[in-house]
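As structure tokens, the structure follows; a few thoughts come after it.
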Amino acid sequence: MGLNEPIDHWAPPDSLDPTPVWRQYLLVVLLGAGIFVFGAFYAYVAFLPDLVTPPAALPGRVVLGALQYPPGTTQKVSIAGPDQTFYLTYAGTVPLAVRATWSSSVGGASQCQITLIAENPLMDPFSFDAVFLDSCTHSFFRASGEVYAGTAPRGLDRYLVSRKGDRLIVNTDHIIQGTP
Numbered sequence: 003m004g005l006n007e008p009i010d011h012w013a014p015p016d017s018l019d020p021t022p023v024w025r026q027y028l029l030v031v032l033l034g035a036g037i038f039v040f041g042a043f044y045a046y047v048a049f050l051p052d053l054v055t056p057p058a059a060l061p062g063r064v065v066l067g068a069l070q071y072p073p074g075t076t077q078k079v080s081i082a083g084p085d086q087t088f089y090l091t092y093a094g095t096v097p098l099a100v101r102a103t104w105s106s107s108v109g110g111a112s113q114c115q116i117t118l119i120a121e122n123p124l125m126d127p128f129s130f131d132a133v134f135l136d137s138c139t140h141s142f143f144r145a146s147g148e149v150y151a152g153t154a155p156r157g158l159d160r161y162l163v164s165r166k167g168d169r170l171i172v173n174t175d176h177i178i179q180g181t182p
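In the working numbering, the protein residues as written are 3 to 182.
Given below as structure tokens:
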């Protein structure tokens, strides 16, 4: 193998690399910028509940002020729209978000309206919790969502509630199905 090889075996200079080097650098820079923008957006959404002033409706969350909803009270919250309306109540000192619509079957379309009946010890003398009534089976439910009296085939649907400092964050993306 020397320099005496025929000229046909050598590739012409313009066919070695069809993509210029500057395009490769541009592609790497754009990919890095895209990853940075995605990371910044993810961090913004993660810290968004800390940045907004309650009450606020965020994608998949509702942020409420804990002082506006003190323990021992039950209030209807509808700032996220009619599909995500709920009652914020307490079972003891634990905050609970009971969905304001309900279906007697798991996964069925929510057709029944839930109404707050009482939050006094005369209706439920053992737990001092709120009592709810559904419009379809006319069953009574405790604040925790379990059937108190009536023929309802399962409990009420709820949302996950977390407390972060002076804020209550209700996760409206995921529904906790009522148990049969």
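Note that CB positions come from ideal geometry on N, CA and C, so glycine has one too.
Residue i: first and last residue of the uninterrupted beta strand (DSSP E) it sits in
i    : result
V172 : 169-178
A99  : 96-101
R156 : That residue, R156, is in no beta strand (DSSP E); it is neither H nor E in DSSP.
T117 : 114-120
A59  : 58-60
G265 : Outside the displayed span of the chain (3 to 182) sits residue 265, for which this structure offers no information.
Q70  : First-last for Q70: undefined, no H or E at that position.
V79  : 77-79
Host alpha helix (DSSP H) of residue i (start-end)
i   : result
V30 : 23-53
For residue i, the three-state DSSP class (helix, strand or coil)
i    : result
Q86  : helix
D136 : strand
S164 : strand
V108 : coil
T91  : strand
D126 : Here D126 scores only 49 on pLDDT, less than 50, and its place in the model should not be relied on; the value that follows carries that caveat. In the structure shown, D126 sits in coil (DSSP, three-state: anything other than H, G, I, E or B).
Environment of residue i [buried if 16+ CB atoms lie within 10 Å]
i    : result
L90  : buried
F49  : exposed
T174 : buried
G36  : exposed
G180 : buried
G67  : exposed
R25  : exposed
T76  : buried
I116 : buried
S146 : buried
D131 : buried
G83  : exposed
Cα-Cα separation, residue i to residue j
i    : j    : result
L28  : P22  : 10 Å
S164 : P97  : 8 Å
D126 : V39  : In this predicted model, D126 has a pLDDT of only 49, less than 50, meaning its place in the structure is not dependable enough to derive any value.
D85  : V100 : 13 Å
V64  : G34  : 33 Å
W104 : D159 : 7 Å
G62  : L135 : 26 Å
I171 : V31  : 38 Å
V149 : P72  : 25 Å
T87  : I177 : 12 Å
V133 : S80  : 19 Å
For the region 39-48 against the region 133-151, do three or more pairs of beta-carbon atoms, one drawn from each stretch, fall closer than 8 Å, so that the two count as touching?
no
Contact between the region 52-64 and the region 147-154 is defined here as three or more beta-carbon pairs at a separation below 8 Å; is this criterion met?
no
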